[in-house]
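Enquirer: Take the sequence shown: its letter number 268 is residue 268 in the working numbering, and every next letter is one higher.
My questions all concern the structure below.
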Amino acid sequence: MPKIKKVMITAYGDESKLAIVEEELPKPAAGEVQLAVEYSIVSGSDVNMRRGIYPFQKKAPLTPGYSVLGTICLNGKGCSKFRIGERVVCLSKYEGQAERINLPEQFLVAVPDGVDLKAAVALVLDWVTAYQMLHHAAHVEPGQKIFVHGLSGAVGGALLSLGAVQRAQVYGTASEAKHEELRKLGAFPFSYSNKHWIKAMQETGGVDAVFDPLGFQSFDESYSILKRGGILVSYGMNLPTFTKTSSPPMLPSIVKLLAKNLFFWSGKRTTFFGLNRASKNYIPDLKLLLTWLKSGKISVPIKATFGLDEIREAHRKYASGEGMGSIVIKMN
Ligand SMILES: NC(=O)c1ccc[n+]([C@@H]2O[C@H](COP(=O)([O-])OP(=O)(O)OC[C@H]3O[C@@H](n4cnc5c(N)ncnc54)[C@H](OP(=O)(O)O)[C@@H]3O)[C@@H](O)[C@H]2O)c1
């Protein structure tokens, strides 16, 4: 069995709870393949797992790493879809920040030749989340108005790009230093440090969809800018993670979000979105985004790249306010 280096969240807490350990990796089981990982990512989920607040998470010690890109190095029993050395991506959820990983063959997608590898690994979580919220949760049509909290973030930036591809008008929030760049990308940005966007959006007549990863208080504000027929899509309760404050329990936020559907006469709806690699759309959507990446229809910003040994730095960079896009981990 090969010994591999991997990240370990040794206990819940700050970045000091992240360590690099060496462990033996067993051979892939039947139906699994082993990848030599080239790139993984750091996302809000990793940070929340480190804080011990990710919904239904594995208990620490655990290895995070929500998506991987790598080459096939071993095929387990019954696996023949990919040849040794072929490059693939996969939504891994755990164990991705490691030199090697065993994954079910059924969830792997081949990476087209010639695409940027960091961009490809960022598609797997951040961009499929954005694509599915836009198309399967909110069904955004050309000409509609959408509002994106955190336009400068990994998922928010993907919503902006994919919203533009769908010819939607994209409004949203980001820190002011990024507004000029966001305007160049076609967005109408507001600051999140004041609430001026609420009145401004109400004065436009409201929006068709809001995408909200923030939580409790934000759900009321987001709901208030929907027009009749509009939908609030939440995909997190993560304001405390961005502000590095303690997190309240999730249940009241979820109840508050979904209870708004009881006011059916308002004509507005709310829903919670969670990405699932076993859903029927996951693999087709990822393949479509890889095709768009190859053709240049989308371009994927990368906020920063770190080595495996720099994992603490990578966590500090998350929600640091500098740069735009996804954070990538390059294996040694
Ligand atoms: N449900 C799912 O399936 C799913 C899938 C993927 C991700 N997620 C969740 O999606 C969320 C976004 O992740 P991400 O990786 O895109 O995060 P990210 O790249 O760190 O982006 C965070 C965004 O939030 C903004 N922000 C920072 N502080 C804020 C504040 N106080 N109020 C409002 N906005 C603030 C940032 O703006 P500035 O940088 O301009 O300051 C940035 O645009 C995370 O909570 C993650 O867990 C959920």
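Glycine residues also receive a C-beta, built at the ideal position from the N, C-alpha and C atoms.
Every value quoted in this text rests on a predicted model; they were computed, and no experiment measured them.
1. How far does the beta strand (DSSP E) with E32 in it reach, from first residue to last?
2. Taking all protein chains shown into account, decide if N261 is buried (16 or more other Cβ within 10 angstroms of its Cβ) or exposed.
3. How many whole angstroms separate the CB atoms of L69 and V148, which I take to be in contact at a CB cut-off of 8 Å?
4. Closest by CA to R87, which one among D113, G96, K77, K93?
5. Should N238 be listed as close to ligand 1, given that the test is whether its C-beta is under 7 Å from any heavy atom?
6. Going by DSSP in three states, R183 sits in which element: helix, strand or coil?
7. In the DSSP assignment, what residue or residues form a beta bridge with T270?
8. Quick check on D220: does DSSP put it in helix, strand or coil?
9. With a Cβ-Cβ cutoff of 8 Å, do P28 and L74 count as a contact?
10. Apart from the five residues on each side of it in sequence, which residues of its chain come closer than 7 Å, Cβ to Cβ, to G230?
11. Could you have a look at V155 and say whether DSSP puts it in helix, strand or coil?
12. What is the rounded straight-line gap between the Cα of E99 and the Cα of I4?
13. Within the continuous alpha helix (DSSP H) that includes L257, where are the two ends?
14. Using beta-carbon positions only, say whether F216 and P189 come within less than 8 Å of one another.
15. Quick one: does the C-beta of D212 sit closer than 7 Å to a heavy atom of ligand 1?
16. Label K297 either buried or exposed according to how many other C-beta atoms from any shown protein chain fall within 10 Å of its C-beta, with 16 as the threshold for buried.
17. How far does the alpha helix (DSSP H) with S295 in it reach, from first residue to last?
18. Rounded to a whole number of angstroms, what is the C-alpha to C-alpha distance between L162 and M1?
19. Can D126 be considered in contact with ligand 1, in the sense that its beta carbon sits closer than 7 Å to one or more heavy atoms?
20. Let's test the definition: count the other Cβ atoms within 10 Å of the Cβ of P26 and tell me whether it reaches 16, buried, or not, exposed.
21. Rounded to whole angstroms, what's the CA-CA distance from R312 to A177? Just pull it up for me.
22. Please report the straight-line C-alpha distance between L108 and V89, rounded to a whole angstrom.
23. Suppose the cutoff is 8 Å on Cβ atoms and the five residues either side in sequence are ignored; what does the same chain contact list for V338 look like?
24. At what residues does the alpha helix (DSSP H) containing E203 begin and finish?
25. Where P248 and D46 are concerned, what is the direct C-alpha to C-alpha distance, given to the nearest angstrom?
26. Hey, how far is the Cα of A110 from the Cα of V128?
27. Along the beta strand (DSSP E) that carries R87, what are the first and last residues, could you check?
28. If you draw a straight line from the alpha carbon of L125 to that of L286, how long is it in whole angstroms?
29. Are the segment 275 to 293 and the segment 310 to 330 in contact at 8 Å, needing three or more beta carbon pairs?
Expert: In terms of the structure at hand:
1. 32 to 42 is the span of the beta strand (DSSP E), which, as asked, contains E32.
2. exposed
3. By a beta-carbon distance limit of 8 Å, L69 does not contact V148. Their separation comes to about 26 Å.
4. D113
5. The answer is yes for N238.
6. helix
7. L232
8. helix
9. yes
10. G206, V207, D208, A209, K268
11. helix
12. 6 Å
13. 250 to 259
14. no
15. No, ligand 1 has no heavy atom inside 7 Å of this Cβ.
16. exposed
17. 282 to 295
18. Just so you know, the alpha carbons of L162 and M1 end up roughly 43 Å apart.
19. Yes, the Cβ of D126 comes within 7 Å of a heavy atom of ligand 1.
20. exposed
21. 25 Å
22. Straight-line Cα distance between these residues: approximately 6 Å.
23. Any question about residue 338 goes unanswered here, given that the chain covers just 1 to 332.
24. 196 to 203
25. 18 Å
26. A direct Cα-to-Cα measurement between A110 and V128 gives close to 15 Å.
27. Per DSSP, the unbroken beta strand (DSSP E) holding R87 starts and ends at 87 to 91.
28. 9 Å
29. The answer is no - the segment 310 to 330 does not touch the segment 275 to 293, with fewer than three Cβ pairs under 8 Å.
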